[in-house]
Amino acid sequence: MEIIDSPSPNFNDRRLAEGAGPDMLILHYTDTKTAFEALSLLQSEEKQVSAHYLVDEDGTIYQLVAEDKRAWHAGVSYWDGETDINSRSIGIEIQNPGHGNGYRKFPEKQMQAVAALCKEILSRHDIPPHRVLGHSDIAPDRKRDPGELFDWKFLAKHGIGLWPDVTEDDRTHGGEFLKEMAAFGYNTGLPRDMLEDAFAQHFIRDDTKSENPAALLAALNRAKADTGGRTIPKRTENTARRRPPKV
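When you line the sequence shown up against the numbering used here, it's residues 48 to 294, in that order.
This is the structure we're talking about:
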């Protein structure tokens, strides 16, 4: 896997206990017409935003911030009691025009690159599957990305993140929606309609839309309990890097 170094000045040190590292992986879409437009925003000192990586629609991967540094991608956000998500996470921006600019499906080549990059990241850090999330999961009052066209199930098939596998017991004994949402990590202090929309953006697709959301959440919380540790073994770095073309 080749990665193009495209440094951003927008980062600082992580605010973590000594010896601790990132334990979340957050996926975004760029909301820009092109990856070059996204790069210029992510590298602008004036804009004060960044991510660790950017994946273009053709599968090209750019690295903007070193993984041991705190990139500025999450903004005001919350997950499972944590509010400084930037300190706890690695952020990936995925090129897509977004809901306001002609939102479209993510090409297969791009999804393959995202999966490969995620696997590399997960092999280096103790990030459990239930903490591989979208921007809309951690900031449902502000964000919709990566959105309903993003193929989370594809990633789960590659061992990245969770996808609900509902059992009859989940259908029978699934708890109340907001309690299940809180147990999974969502900020249930927000309006219910925002939470329902965020959950649908991530987990409601053709194979899950007939299920009661509480049953889906029961399945996810069961998987969360079963997969609290790492699922992808650490491996030696084998990634080619080169300098970027001039923008």
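Glycine included, C-beta positions come from ideal geometry on N, C-alpha and C.
Between residue i and residue j, what straight-line distance do the alpha-carbon atoms span, to the nearest angstrom?
i      : j      : result
Glu104 : Glu215 : 39 Å
Asp192 : Glu155 : 18 Å
Ala162 : Gly181 : 14 Å
Gly145 : Lys190 : 11 Å
Thr283 : Asp60  : Bear in mind that a pLDDT of 40 at Thr283, under 50, signals an unreliable position, so the model cannot answer this.
Pro280 : Glu167 : Confidence in Pro280 is poor, its pLDDT being 40 and thus under 50, which makes the residue's placement unreliable; the coordinate value appears in the next sentence. About 10 Å.
Ser257 : Met48  : 38 Å
Lys94  : Gln110 : 18 Å
Gly66  : Thr130 : 20 Å
Met81  : Leu196 : The amino acid occupying residue 81 in the given sequence is Thr; Met does not appear at that position. The alpha-carbon atoms of Thr81 and Leu196 are separated by roughly 18 Å.
Pro238 : Asn133 : 24 Å
Ile174 : Pro69  : 7 Å
Gly128 : Pro260 : 22 Å
Arg252 : Trp126 : 23 Å
Ala262 : Tyr150 : 29 Å
Ser35  : Val179 : A query on residue 35 cannot be resolved here, the shown segment of the chain reaching from 48 to 294 and no further.
Phe201 : Thr219 : 27 Å
Phe224 : Gly194 : 21 Å
Gly122 : Gly236 : 18 Å
Pro54  : Asn148 : 26 Å
Val213 : Ala247 : 16 Å
Asp52  : Glu243 : 38 Å
Between the options, which has its C-alpha nearest residue i's C-alpha?
i      : options                           : result
Ile139 : Phe197, Lys226, Ser91 and Ala98   : Ala98
Leu74  : Arg239, Val102 and Arg218         : Val102
Met241 : Asp184, Ala82 and Pro54           : Asp184
Arg135 : His172, Gly149 and Gly147         : His172
Pro56  : Ala247, Leu89 and Lys204          : Leu89
Ala245 : Asp188, Ser53 and Arg218          : Asp188
Ala272 : Gly236, Lys204, Glu227 and Arg218 : Glu227
Taking Cβ positions, are residue i and residue j nearer each other than 9 Å?
i      : j      : result
Ala186 : Ser91  : no
Leu267 : Gly222 : no
Phe58  : Val112 : yes
His120 : Trp199 : no
Leu209 : Ala270 : yes
Leu72  : Ile137 : yes
Pro211 : Thr274 : no
Can you find the residues in the same chain that come closer than 7 Å, C-beta to C-beta, to residue i, ignoring five residues on each side of it along the sequence?
i      : result
Ala85  : Thr77, Thr79, Leu101, Glu140 and Gln142
Thr278 : With a pLDDT of 38 at Thr278, under the threshold of 50, the modelled position of that residue is not reliable, and no figure is offered here.
Ala203 : Leu209 and Trp210
Compute every distance between the C-beta of residue i and the non-hydrogen atoms of the ligand PLP, then say whether any falls below 8 Å.
i      : result
Lys226 : For the structure depicted, the ligand PLP is absent and the ligand set is empty, with no information on it obtainable.
In chain order, what residues of the same chain have a beta carbon less than 8 Å from the beta carbon of residue i, not counting five sequence neighbours either side?
i      : result
Gln157 : Val102, Asp103, Glu104, Asp105, Gly106, Ile141 and Gln142
Gly276 : Because Gly276 sits at a pLDDT of 42, beneath the cut-off of 50, its placement in the model cannot be relied upon, and the following sentence gives the value as read from the coordinates. Once the five neighbours on either side are set aside, the close Cβ partners of Gly276 are Asp173 and Pro175.
Val96  : Asn57, Leu88, Leu89, Trp119 and His120
Apart from the five residues on each side of it in sequence, which residues of its chain come closer than 6 Å, Cβ to Cβ, to residue i?
i      : result
Cys165 : Ile207
Asp217 : Ala262, Ala265 and Ala266
So with Cβ pairs under 9 Å, would you call residue i a contact of chain B?
i      : result
Phe197 : Among the protein chains of the structure shown there is no chain B, as only one such chain exists.
Self-check item: Cβ contact (3+ pairs, closer than 8 Å) linking the stretch 229-237 and the stretch 109-118
Solution: Not touching, per the Cβ criterion.
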